[in-house]
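Chemist: Heads up, the final residue of the sequence shown is numbered 264 in the UniProt record's numbering, and it's a clean run with no missing numbers. Please find one structure pasted underneath; my questions will follow.
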Amino acid sequence: MISLSNFADLEVHWESSEDLSDLETASVQSVITSPPYWNLKDYGHDEQIGTTDESYERYLNRLQQVFNECYQCLRDDGTMWIVVDSLIERGNMKLLPYHVAERARDCGFLLQNMIVWYKPTAIAGMNDRTVVNKKEYIVFLSKSESYSLHPEMNEDVGDEDPAKTTTDELGTIWRHPVKRGSLGQNVSHKAPFPVPLAKRLVQVSTEPRNIVLDPFLGSGTTAYAALSEDRRCLGYEINQEFESVVSSRLADLQQSALHTNFQG
Ligand SMILES: C[S@@+](CC[C@H](N)C(=O)[O-])C[C@H]1O[C@@H](n2cnc3c(N)ncnc32)[C@H](O)[C@@H]1O
C-alpha cells in the first residue's frame with residue numbers, strides 16, 4: 001500500500017471536522033464535500049455525524065458546527081459546495097439540502113444557488129408507489145460577495161451535458177452518471193460522488209496550487225480530483241479505515257505528486 005505521506009499536496013486528518021482549529025485561518029479557496037446523511041449509513045464510528053441514535057436537530061447542529069469551522073478556514077473570496085440530497089422516507093420527506101443551506105447561512109455564508117445533479121442511471125427507490133430519485137443537489141455558497149468562478153475551466157463532459165449554456169456559462173443542471181466500475185465508484189465506500197463531478201467543482205472554484213478542503217473525505221474523491229488538477233487538498237475523515245481506500249485511489253497520481261511540500 002502506498003502511504004498517504006507520499007502525496008505532498010495532501011494532508012489528511014483522521015478526526016472529526018467539528019474542530020478545524022489545526023488549519024490556518026482564511027487559507028482555503030474552496031470547500032467541496034458531501035456530508036454523511038442522517039440516519040442513513042453506518043460508517044462504523046461512534047462519533048460520526050448522523051448515526052441512528054441522533055435526533056435530526058442534533059445532526060443539523062453538528063453539521064452547522066462543521067460549516068462554521070469551514071467558514072473560518074475559507075479565504076474571503078472562497079466558496080463552499082455541498083453535495084446532498086433530500087431524505088426520502090415515505091410520507092415524511094426531509095428537505096435536507098434546504099436545511100443545510102439555512103444552517104450554512106446562519107454561519108455567515110451567502111447562498112448563491114442550488115445546482116441539480118442529474119443522475120441518469122440511478123435506479124434506487126423504484127417501485128409502483130414511488131418515483132425514481134434521479135437527482136441530488138449541490139448547495140453553492142460563498143463566504144462574501146467577492147468570490148469568482150472559472151467557468152472557462154469547466155471540462156466538457158459531452159453533448160448532452162445540460163450544464164453548458166450557449167454562452168459557455170455554467171447552468172444549474174449537471175449530468176453525471178453514477179457508473180459502477182469506473183474510478184470513484186468501484187471503491188470500498190458507501191457513498192462516493194463521481195470524479196467528473198468533483199473535478200468540475202475543483203475547476204470552476206479554484207486555480208492551480210489553491211487549497212481545497214473536504215471535511216468529510218470518505219474515499220477521497222475530492223482529494224483525487226484536486227491533486228489531478230494540481231491543487232492542494234486538506235481532508236478530514238473520522239474513519240481511519242478509509243486510509244487504504246484513499247491511498248489506493250491516489251496510487252496512479254503518485255508520479256505527478258512530487259511538489260516540495262504542502263505549503264509550497
Ligand atoms: C457521504 S460520505 C463522503 C463521501 C465522499 N464524498 C467520497 O466521495 O467518498 C461522508 C463521510 O463523512 C464521514 N464522517 C462522519 N462523521 C464525521 C465527522 N464528524 N468528521 C469527519 N468525517 C465524518 C463518514 O465516515 C463518511 O466517510
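Ideal Cβ placement from N, Cα and C applies to all residues, glycine included. None of these values were measured; they are calculated from a predicted model.
Taking buried to mean at least 16 other C-beta atoms within 10 Å of its own C-beta, is V132 buried or exposed?
Modeler: As a position in the sequence shown, residue 132 is number 132, starting the count at 1. By the 10 Å Cβ count, V132 comes out exposed.
Chemist: Examine ligand 1 and report whether any of its heavy atoms sits within less than 8 Å of the Cβ of G50.
Modeler: Locating residue 50 in the sequence shown gives position 50, counting from the first residue. True, at least one ligand heavy atom lies under 8 Å from that Cβ.
Chemist: In the region 11-39, which residue ranges form an unbroken beta strand (DSSP E) of at least 3 residues, counting only runs that do not cross its ends?
Modeler: Counting only runs of 3 or more, we get 28-33.
Chemist: Quick one: what's got a C-beta closer than 6 Å to T79's C-beta in the same chain, skipping five residues either side?
Modeler: As a first step, residue 79 must be located in the sequence shown, where it is residue number 79. Excluding sequence neighbours, T79 sits near S30, S142, Y147, S205.
Chemist: Out of Y118, V116, V100, W14, which has the shortest C-alpha to C-alpha gap to L110?
Modeler: Counting from one through the sequence shown, the residue named residue 110 turns up at place 110. Ranking Y118, V116, V100, W14 by Cα distance to L110 puts V100 first.
Chemist: May I ask whether a heavy atom of ligand 2 can be found less than 8 Å away from the beta carbon of H99?
Modeler: Because ligand 2 does not appear in the structure shown, any question about it cannot be addressed here, the ligands present being ligand 1.
Chemist: Does DSSP put R209 in a helix, a strand or coil?
Modeler: To locate residue 209, count along the sequence shown from 1; it is residue 209. R209 falls in the coil class under three-state DSSP.
Chemist: Give every residue of the same chain whose Cβ lies closer than 8 Å to the Cβ of E145, excluding the five residues on either side of it in the sequence, and list them in chain order.
Modeler: Residue 145 sits at position 145 when you count from the first residue of the sequence shown. Closer than 8 Å at the Cβ level, and outside the excluded window around E145, lie L110.
Chemist: So if DSSP puts E57 in a beta bridge, which residue, or which two residues, is it bridged to?
Modeler: Numbered from its first residue, the sequence shown carries residue 57 at position 57. Its beta-bridge partners do not exist; DSSP assigns none.
Chemist: Say the cut is 8 Å; is the CB of L87 nearer than that to a heavy atom of ligand 1?
Modeler: Within the sequence shown, numbered from 1, the residue matching residue 87 stands at position 87. Result no, Cβ not under 8 Å from ligand 1.
Chemist: Taking 9 Å as the threshold (C-beta atoms), are L23 and V12 in contact?
Modeler: To locate residue 12, count along the sequence shown from 1; it is residue 12. To locate residue 23, count along the sequence shown from 1; it is residue 23. In this structure, L23 does not lie closer than 9 Å to V12 by Cβ.
Chemist: Could you check the C-alpha separation between M114 and K135 for me, to the nearest Å?
Modeler: Taking the first residue of the sequence shown as position 1, residue 114 is located at position 114. Taking the first residue of the sequence shown as position 1, residue 135 is located at position 135. M114 and K135: Cα-Cα distance of roughly 12 Å.
Chemist: Mind pulling the alpha helix (DSSP H) runs of 4 or more residues that sit fully within the region 96-144?
Modeler: With a minimum length of 4 residues, the continuous alpha helix (DSSP H) runs that stay inside the region 96-144 are 96-106.
Chemist: Short of 6 Å in beta carbon distance, which residues of its chain neighbour A223, apart from the five on each side in sequence? Order them along the chain.
Modeler: Translated into the one-based positions of the sequence shown, residue 223 becomes position 223. The residues are L10, C233, G235.
Chemist: Nearest chain D C-beta to L197 closer than 9 Å, yes or no?
Modeler: Among the protein chains of the structure shown there is no chain D, as only one such chain exists.
Chemist: On the CB-based measure, 16 or more other CB atoms within 10 Å of its CB, does H176 come out buried or exposed?
Modeler: On the sequence shown, position 176 is the one that residue 176 refers to. H176 should be labelled buried.
Chemist: Would you say the beta carbon of Y236 comes nearer than 8 Å to a heavy atom of ligand 1?
Modeler: Residue mapping note: residue 236 aligns to position 236 of the sequence shown, counting from 1. Yes.
Chemist: So A225 and A198 are in contact, right, with Cβ under 8 Å, and what is the actual spacing, rounded?
Modeler: Indexing the sequence shown from 1 puts residue 225 at position 225. Indexing the sequence shown from 1 puts residue 198 at position 198. About 4 Å; that satisfies the 8 Å criterion.
Chemist: Mind checking whether C70 and V139 have CB atoms under 9 Å apart?
Modeler: Numbered from its first residue, the sequence shown carries residue 70 at position 70. Numbered from its first residue, the sequence shown carries residue 139 at position 139. Contact flag unset, no.
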